[in-house]
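As structure tokens, the structure follows; a few thoughts come after it.
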Amino acid sequence: MNPALEKTFVFLLLIAAGYFLQSKLNGKHDLKGVKVLILSVVLPATIFVALLKISISTKLLLLPVGALALNFIFFYIIRAMLPKLGFADKPNNRRTMLLLLPSLAPGLSCFPFVVEYLGDEALAMAALTDVGNKVFVLIILYLFAMNWYYTAKKKSTGDLNESPGRQSKLRDLGLSLLREPVNLVIVTAVVMLYLGLDAKALPSFLETTAVRLAALMTPVVLLFIGMAVKFERREIAIILRFLAFRAGVGLLLSGFAILFLPAMAPAMALLLVIFPQSAVSFWPFAHMSAVDALQKEGEDPVFNINLALNVLACSLPFSTVIILGVLSCGKIFASPSMVFLLGATLLLIPLVYVFQTGLSFTSKTENKAEQLREKAVVANG
Numbered sequence: 005m006n007p008a009l010e011k012t013f014v015f016l017l018l019i020a021a022g023y024f025l026q027s028k029l030n031g032k033h034d035l036k037g038v039k040v041l042i043l044s045v046v047l048p049a050t051i052f053v054a055l056l057k058i059s060i061s062t063k064l065l066l067l068p069v070g071a072l073a074l075n076f077i078f079f080y081i082i083r084a085m086l087p088k089l090g091f092a093d094k095p096n097n098r099r100t101m102l103l104l105l106p107s108l109a110p111g112l113s114c115f116p117f118v119v120e121y122l123g124d125e126a127l128a129m130a131a132l133t134d135v136g137n138k139v140f141v142l143i144i145l146y147l148f149a150m151n152w153y154y155t156a157k158k159k160s161t162g163d164l165n166e167s168p169g170r171q172s173k174l175r176d177l178g179l180s181l182l183r184e185p186v187n188l189v190i191v192t193a194v195v196m197l198y199l200g201l202d203a204k205a206l207p208s209f210l211e212t213t214a215v216r217l218a219a220l221m222t223p224v225v226l227l228f229i230g231m232a233v234k235f236e237r238r239e240i241a242i243i244l245r246f247l248a249f250r251a252g253v254g255l256l257l258s259g260f261a262i263l264f265l266p267a268m269a270p271a272m273a274l275l276l277v278i279f280p281q282s283a284v285s286f287w288p289f290a291h292m293s294a295v296d297a298l299q300k301e302g303e304d305p306v307f308n309i310n311l312a313l314n315v316l317a318c319s320l321p322f323s324t325v326i327i328l329g330v331l332s333c334g335k336i337f338a339s340p341s342m343v344f345l346l347g348a349t350l351l352l353i354p355l356v357y358v359f360q361t362g363l364s365f366t367s368k369t370e371n372k373a374e375q376l377r378e379k380a381v382v383a384n385g
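Residues in the sequence shown are numbered from 5 upward in steps of one, following my numbering.
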């Protein structure tokens, strides 16, 4: 059996094991504990070990800039397409999707597969790239969320007395960005590399601890994915339509990047393909919850919290399927033509909806015009 395919079956079994563990969980608190373990202990150790194996250069600074540019491209393309893909009615639904879909959560949905299929160097590159995404998700999306809240508040009451709290909250978010374990290990590892130090410079017990924690990364994350999967029927069709659109756009952007950037190793090309396929981040939901807490009874909701939860529930398994599918095919998707083909295929799902909606609208318009003509004929005798 193909080694990549065999590895994929192993991963699917681990996800299935996590899914069957759902009955053993005591609500969301147990799941949150596993997530804290991954993001605060296992993932930082894995990234730290991977970073200390690469050679640092100023060119690597382009990685977070590229991720930030990707977030903004997602944001503006999705904003333009929201009315056409089924969110033309309620502003709170549009704001919810616009805050969620441009965000990325590679720590849970991408990094474990990167380290298993592409190696430590690719993981180190992905970790540095994610710094730009975190700036967008933690700070820029928070500014969008609060701006929408205060704009809605001004329209309804004209009261902006709470606006000074924005600066305080933004400062707190900046500090949390610096205190996050993953960011701390990235800064520490980059400083060590700049000083010419590697993992061997650490005391042996620290190096061994980091390596053993890193070894937990893949199985723990895959079990978490299985435990977190929820199948919600309500709104699932429209959510999957948007996730397919987001994935298709991401693949087209990846295809252009592979086509126009200088020749690169297959592992780096595959990293360019799968990084934009990461699941949506939990942080926009946290911003929505903060806004929801500020709102008073009777005010029109700025966001749809239930819709946000359903998007989060669908996004993780959706991204996992695409990333595993791409990596299971070996080097096939290191070719831009194959990436374009997959991207176009995924875009067919939302585009069919747009086409059908357009036909339906045209048909209704024609029927209405015909009825008006018939009434005019009857009136004229």
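Even for Gly, the Cβ is constructed at its ideal location relative to N, Cα and C.
These figures come from a predicted structure and were not determined experimentally.
- By the neighbour-count criterion, in which 16 or more other beta carbons inside 10 Å mark a residue as buried, V118 falls on the buried side.
- A contact between stretches requires three or more CB pairs, one per stretch, nearer than 8 Å, and the segment 98–105 fails this requirement with the segment 17–29.
- Where A248 is concerned, the enclosing alpha helix (DSSP H) starts and stops at 240–264.
- DSSP, read as helix, strand or coil, puts V306 in coil.
- DSSP places S339 in no alpha helix (DSSP H); its state is neither H nor E.
- Annotation: K28 is outside any alpha helix (DSSP H) and is labelled neither H nor E by DSSP.
- Contact between the segment 244–259 and the segment 123–134 is absent, with fewer than three C-beta pairs closer than 8 Å.
- Using a 10 angstroms sphere on the CB of A214, the tally of other CB atoms reaches 16 or more, which defines it as buried.
- No residue range can be given for E301, since it is assigned to no alpha helix (DSSP H) and is classified by DSSP as neither H nor E.
- Classified as buried, L145 has 16 or more neighbouring CB atoms from the shown chains inside 10 Å of its CB.
- With a threshold of 16 other beta carbon atoms within 10 Å, A232 meets it and is buried.
- By the Cβ-count criterion, G200 is exposed, with fewer than 16 other Cβ atoms from all chains shown falling within 10 Å of its own Cβ.
- By the neighbour-count criterion, in which a residue is buried when 16 or more other Cβ atoms sit within 10 angstroms of its Cβ, G37 is exposed.
- Sequence-distant Cβ neighbours of L86 in its own chain, meaning closer than 7 Å and more than five residues away, are R98, M101, L102.
- M268 carries a coil assignment under DSSP once its states are collapsed to helix, strand and coil.
- Each of A317, G111, L147 was checked against the Cα of L244, and the nearest Cα belongs to A317.
- In this structure, Y121 sits near L331, with a CB-CB distance shorter than 8 Å.
- For T12, the closest alpha carbon among the candidates L226, F344, T212 is that of L226.
- Take T222, set aside five residues on each side of it, and the residues of its chain with a beta-carbon closer than 6 Å to its own are P116, E120, in chain order.
- Listed in chain order, the non-local C-beta contacts of A273 below 6 Å within the same chain comprise I262, A338, local neighbours out to five positions each way being set aside.
- Pairing L313 with H291, the inter-Cα distance amounts to about 13 Å.
- Per DSSP, E184 lies in no alpha helix (DSSP H) segment and is marked neither H nor E.
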